[in-house]
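K.L.:
In the UniProt record's numbering, the protein residues as written are 1 to 57.
See the structure below:
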């Protein structure tokens with residue numbers, strides 16, 4: 001899964017900021033590629049309004 005941060009974490013709840021950091025996203029337009037696992041999907045769900053997710057083979 002390719003995850004791109006689209007919006008800032010300023011003013012967001014702590015768990016959302018921590019989810020972004022755990023995914024490896026530090027600033028707007030950062031992109032990371034992660035495995036499709038339940039833990040990763042849970043973190044993405046917590047910040048779904050801040051990121052864009054694309055399927056990658």
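Just so it is clear, CB atoms sit at the ideal spot from N, CA and C, and this is done for glycine as well.
What residue range does the beta strand (DSSP E) around residue 54 cover?
P.N.:
Note, residue 54: beta strand (DSSP E), 51-54.
K.L.:
Less than 6 Å between C-beta atoms, sequence neighbours within five positions excluded: which residues of the same chain meet that for residue 24?
P.N.:
Correct list, in chain order: 32.
K.L.:
Which whole runs of the alpha helix (DSSP H) in the stretch 14-40 are 4 residues long or more, in chain order?
P.N.:
With a minimum length of 4 residues, the continuous alpha helix (DSSP H) runs that stay inside the stretch 14-40 are 14-23.
K.L.:
Answer with buried or exposed for residue 50, where buried requires no fewer than 16 other C-beta atoms within 10 angstroms of its C-beta.
P.N.:
By the neighbour-count rule (16 or more Cβ atoms within 10 Å), residue 50 is buried.
K.L.:
If you drop the 5 nearest sequence neighbours on each side, which residues of the same chain put their C-beta closer than 6 Å to that of residue 14?
P.N.:
Closer than 6 Å at the Cβ level, and outside the excluded window around residue 14, lies no residue.
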